[in-house]
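19 is the number of the first residue of the sequence shown in the working numbering; add one for each residue after it. What follows is a set of notes on a single structure, which appears directly below.
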Amino acid sequence: MREATTREEPRGGPGHDEPDLLRDQFRQLLRYRLLIAAGVLLGTLGGGYLGVATSDTYIATSEIVVRAPASDPFDGTSLDRVAMGSERRTAVSDTVAQLAATELGRPEDEADDLKEDLQVTNPPNTEVLRFSYTATEPETAAGRANAFVRAYLGNRQAAAQDLVDSMAGALQEQRTAQEERLEETEEQISGALDGTRAQEEALASRAAVVARIGEIDARVSELRSLDTSGGRVITRAAVPDSPSGPGLVMLLVLGTAVGVGIGLLAAWIRLVFDPRVRSAGDVARELRAPVLGVLPRTDRPAPGQLLAEGRLAEEYRSVAFRLAYDEAFAGRRRLLVVAPRGTIETPLVTSVNLSAAFAEMGMDALLIEADLRTPSLTDQLRHADGVRPGWVSTPGNDGGWPAGLRVPIDAGESGVFDLVPGRRVRNVPRALTSPPASHLIGHADTRGAVVTVLAPAVLSYADAIALVDRVDGVLVVCDPHEVRRDDLARVRELVVGAGGALLGAVLHSWGSGSDRQEDAEDDFHDDELEAEPRARAGRVPPRQRPGGESRVPVPHRDIGSETMGLRILDPDDFDGRGPRA
19 MREATTREEP
29 RGGPGHDEPD
39 LLRDQFRQLL
49 RYRLLIAAGV
59 LLGTLGGGYL
69 GVATSDTYIA
79 TSEIVVRAPA
89 SDPFDGTSLD
99 RVAMGSERRT
109 AVSDTVAQLA
119 ATELGRPEDE
129 ADDLKEDLQV
139 TNPPNTEVLR
149 FSYTATEPET
159 AAGRANAFVR
169 AYLGNRQAAA
179 QDLVDSMAGA
189 LQEQRTAQEE
199 RLEETEEQIS
209 GALDGTRAQE
219 EALASRAAVV
229 ARIGEIDARV
239 SELRSLDTSG
249 GRVITRAAVP
259 DSPSGPGLVM
269 LLVLGTAVGV
279 GIGLLAAWIR
289 LVFDPRVRSA
299 GDVARELRAP
309 VLGVLPRTDR
319 PAPGQLLAEG
329 RLAEEYRSVA
339 FRLAYDEAFA
349 GRRRLLVVAP
359 RGTIETPLVT
369 SVNLSAAFAE
379 MGMDALLIEA
389 DLRTPSLTDQ
399 LRHADGVRPG
409 WVSTPGNDGG
419 WPAGLRVPID
429 AGESGVFDLV
439 PGRRVRNVPR
449 ALTSPPASHL
459 IGHADTRGAV
469 VTVLAPAVLS
479 YADAIALVDR
489 VDGVLVVCDP
499 HEVRRDDLAR
509 VRELVVGAGG
519 ALLGAVLHSW
529 GSGSDRQEDA
539 EDDFHDDELE
549 AEPRARAGRV
559 PPRQRPGGES
569 RVPVPHRDIG
579 SETMGLRILD
589 PDDFDGRGPR
599 A
C-alpha cells in the first residue's frame, strides 16, 4: 500500500520539490565535464594571454576644484554656478590638449594622441574634476596629468580674463562718450548768464554726467579686481609606485572564474537542447511513473546467459518485490515488459529475471514471449529436466501461436517458471489479439499466478499496444543516455490511450545491441513466408537421452559465446494425458 502511494505521486503532479529539481539539474550539468573543462581552459588561457601580452600600465591622478570668477576669493561665493558637465567636456577638448602639448614641449599635431589616454571625471555632488592619465611609464603618467591640469586652468583663466577685458573695454567706450558730453555741458555753463535758467539746466546735466562717469569707473574697477583663476589644485599627480590593474596572478584567477561560468553556460545550453533524458528524475517526470530500479553498469549477464547473478540479481528481486506490493499490479498480476525503441535484448533479460524472481516468491510464474518477429528465448534458457507444469492445456491452434506449448525453465535457486515461446507467424497482430492469446494471458487470474509478457519496442511496432488492454500493467526498460524525452512522452500517451497503466521503469546503461536485432529482422523479412513449411518438413524424430528423456534438436542461433540448444516439447509428442510412449 505504501509503494502504491509512492508510485502515484509522479502521475498527479511534479513529485519533486524545487531544491530537488535544482540539485538534479546541477548533477546533470556535471555530466558535460568536457564542455566545462573546455570553458575553464579557454578562460585561463585568455587571462594568461592578457597578463603576458599586455604591458604594465601606470595611472597618475590629479584633482582640482573648479570655481567661477569671484570678487572676493575668501568669501567662498562666486558670481555664478559652475556647469560641471560643460567643464568636463572642456577639459578633454582639443584646445586643452593643444595647450598641454605645448606645456610638454610636443608639437600640436600630437594633441589627439595625448588625450587618448586621458580620463576626466566629476565625482557626484562636487565641483571637483579628476584628471587620470594612463601611460606605460610612471613619470610620463604623472607629468602628462599635471600638464593637462595646468593647460585646463590656464585655458579657463584666459577665457575669464578675455571676458573681463572685453567688458572693461565696452565700459571704457561708454566713459569716453560721457566725457565728450561732459565737455559740452562745460561749454554750455560758461556761455550762460549767471542765475539764468539755462545755466541751472547746464549745471544739472554736468552733475548727471559726472555721476555716470563715476559709476562706469566703479564697474571697471570691480571687473579689474575679479579673481579670474579657473580653480585650485587639491591633489597634484605624483609618480605611481606600482602598475594599475590586475597582475598576472589575478588575471589567471579571473580568467578561470570566467571560464567556469562559460563552461557551465555551455553545459546548460547543451542540457536544454539535449533531447535525451539524463537521469532517473527525467524518466520519472516524462513517464509520470516511478523508477523501480537502476541496473548496475558492470553487472551485465555474460553473452548467452540471461539469468543474473550477484548485485544484478538482487536488483531484479528488488524490482519484483516492488511490483508485487504495488496495488495496481497486485490486483491484476499482468506485466508487459517493453522498451521505447531499439532492440528487445534488455527487456528480454529483464522479463526472464523478473519471472525467476516471481517464482522465487512462491508465485506460479508464466513468461510469454510475445515477440513473434525475432523469437529467441528457447535458444537461451535451460530446460528444467523432469518437471512438467500441471496446468498445461491441450495443444491447440496447431501451426500458429500460441499453440499450447509451455516449457518449464530451470531458474537455478529461484526455482522453475514456465515459458510460452514465441513463433514466427504470417500475421503478427492477428496472433496477438486472437482468443487463444487472450486465454493464455488470462492465466494471471488463477490464484497465486503471475504472467509476464515480453513484447517488441512500443515505438517500433504496434505489438505492445495490441496487448495493453489485456495486460494493463506496463514496465518500461530503457537506457537514459539513449532514450529521448519525446519518446517517453509518446510511450505514455500510447499506453494510457490504450487503457493501460505505467507501473514504472527499469533503467540500464548497457547499450542497445542493435546489430543483432537488425540482422534478425532482415532474416525475418526474407524468410517470413517459408518459416512454417520448413518447420513442418524439417521436424526430426526425438532422440533418447540418458534416463529415457526425449530431446528435439533445435537450430542454434549465434546469440553469444555460450549459446546452447534447449529441449523443446513439441505438441505432436503429447496426447491429452501426457507424453506419448
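Using N, Cα and C, we set each Cβ at its ideal position, and we do this for glycine too. This structure is a prediction, so every number in the text was calculated from the model and none was measured.
May I ask which residues mark the beginning and end of the beta strand (DSSP E) holding residue i?
{"i": "S239", "result": "Run containing S239: none in the beta strand (DSSP E); it sits in the alpha helix (DSSP H), R215 to R242."}
{"i": "S394", "result": "Here S394 belongs to no beta strand (DSSP E), and DSSP marks it neither H nor E."}
{"i": "P447", "result": "Where P447 is concerned, there is no enclosing beta strand (DSSP E), although the alpha helix (DSSP H) it sits in stretches over V446 to L450."}
{"i": "Q137", "result": "L136 to T139"}
{"i": "F149", "result": "V146 to A153"}
{"i": "P426", "result": "V425 to D428"}
Under 8 angstroms by Cβ, that's how I've got residue i and residue j pegged, so tell me the actual separation to the nearest angstrom.
{"i": "V471", "j": "L305", "result": "In fact, because the Cβ distance is near 19 angstroms, the residues do not count as touching under 8 angstroms."}
{"i": "A467", "j": "R351", "result": "7 angstroms"}
{"i": "S284", "j": "L458", "result": "A small correction: the amino acid at residue 284 is Ala; Ser does not occupy that position in the sequence shown. At roughly 54 angstroms, the Cβ-Cβ gap does not stay under 8 angstroms, so A284 and L458 are not in contact."}
{"i": "L354", "j": "V486", "result": "7 angstroms"}
{"i": "Q116", "j": "E105", "result": "Incorrect: roughly 18 angstroms between the Cβ atoms, too far for contact."}
{"i": "V337", "j": "L372", "result": "7 angstroms"}
{"i": "Q179", "j": "T274", "result": "Their Cβ separation, rounded to whole angstroms, is 57 angstroms, which puts Q179 and T274 out of contact at 8 angstroms."}
{"i": "P358", "j": "G522", "result": "Not quite, the Cβ-Cβ distance comes to about 14 angstroms (not below 8 angstroms), so this is no contact."}
{"i": "A429", "j": "L450", "result": "At roughly 26 angstroms, the Cβ-Cβ gap does not stay under 8 angstroms, so A429 and L450 are not in contact."}
{"i": "Y129", "j": "Y170", "result": "The question names Tyr, but residue 129 is Ala in the sequence shown. A129 to Y170, Cβ: 13 angstroms. No contact."}
Taking all protein chains shown into account, decide if residue i is buried (16 or more other Cβ within 10 angstroms of its Cβ) or exposed.
{"i": "E81", "result": "buried"}
{"i": "P141", "result": "exposed"}
{"i": "F149", "result": "buried"}
{"i": "Q323", "result": "buried"}
{"i": "Y151", "result": "buried"}
{"i": "Q46", "result": "buried"}
{"i": "T361", "result": "buried"}
{"i": "H574", "result": "Model confidence at H574 stands at a pLDDT of 35, short of 50, so the residue's coordinates are unreliable; what they give is reported in the following sentence. Classification for H574: exposed."}
{"i": "A553", "result": "No answer about A553 holds up, because its pLDDT of 35 lies below 50 and its placement is not dependable."}
{"i": "I234", "result": "buried"}
{"i": "I252", "result": "exposed"}
{"i": "Q562", "result": "Caution applies to Q562, whose pLDDT of 33 falls short of 50 and renders its modelled position unreliable; the value that the coordinates give is listed next. Exposed: under 16 other Cβ atoms inside 10 Å."}
{"i": "E134", "result": "exposed"}
{"i": "P37", "result": "exposed"}
{"i": "E191", "result": "exposed"}
{"i": "E511", "result": "exposed"}
{"i": "G248", "result": "buried"}
{"i": "G265", "result": "exposed"}
{"i": "R85", "result": "buried"}
Name the one or two DSSP bridge partners that residue i has.
{"i": "T470", "result": "L353 and L385"}
{"i": "V524", "result": "G311 and V495"}
{"i": "T253", "result": "E81"}
{"i": "T75", "result": "S262"}
{"i": "A519", "result": "G491"}
{"i": "R502", "result": "R294"}
Output the boundary residues of the alpha helix (DSSP H) element that contains residue i.
{"i": "F435", "result": "That residue, F435, is in no alpha helix (DSSP H); its beta strand (DSSP E) goes V434 to V438."}
{"i": "A169", "result": "P156 to G209"}
{"i": "M379", "result": "Counting along the chain, M379 falls outside any alpha helix (DSSP H), and DSSP gives it neither H nor E."}
{"i": "H457", "result": "P453 to I459"}
{"i": "Q116", "result": "D112 to E121"}
{"i": "F291", "result": "No alpha helix (DSSP H) contains F291, which DSSP labels as neither H nor E."}
{"i": "A129", "result": "A129 to K133"}
{"i": "L305", "result": "A298 to L305"}
{"i": "T108", "result": "M102 to A109"}
{"i": "V337", "result": "G328 to A342"}
{"i": "E345", "result": "E345 to A348"}
Using only CA atoms, which one of the options lies nearest to residue i?
{"i": "L437", "options": "T396, S456 and W419", "result": "T396"}
{"i": "E205", "options": "R215, R224, Q196 and A188", "result": "R224"}
{"i": "T139", "options": "T158, R124, A129 and R107", "result": "R107"}
{"i": "A210", "options": "L200, L221 and E201", "result": "L221"}
{"i": "S239", "options": "M185, D481 and R288", "result": "M185"}
{"i": "S260", "options": "Y76, R502, G328 and N445", "result": "Y76"}
{"i": "R656", "options": "A275, R391, W528 and R288", "result": "In the structure as shown, the chain starts at 19 and stops at 599, and residue 656 therefore has no counterpart that could be examined."}
{"i": "R294", "options": "G517, Q43, G65 and E500", "result": "E500"}
{"i": "E387", "options": "S297, P498 and A473", "result": "A473"}
{"i": "L60", "options": "A177, L122, G440 and I280", "result": "I280"}
{"i": "A256", "options": "E198, N164, E333 and T451", "result": "N164"}
{"i": "D131", "options": "G172, R162 and R49", "result": "R162"}
{"i": "R444", "options": "A455, F347, R391 and A429", "result": "R391"}
{"i": "L399", "options": "R335, G491, A326 and V489", "result": "A326"}
{"i": "I287", "options": "A118, Y50, L40 and V276", "result": "Y50"}
{"i": "A342", "options": "P365, A383, P447 and V312", "result": "A383"}
{"i": "G66", "options": "V489, A101, F339 and L272", "result": "L272"}
Could one say the Cβ of residue i lies closer than 8 angstroms to chain D's Cβ atoms, at least one of them?
{"i": "L241", "result": "Here chain D cannot be found, since the structure has a single protein chain."}
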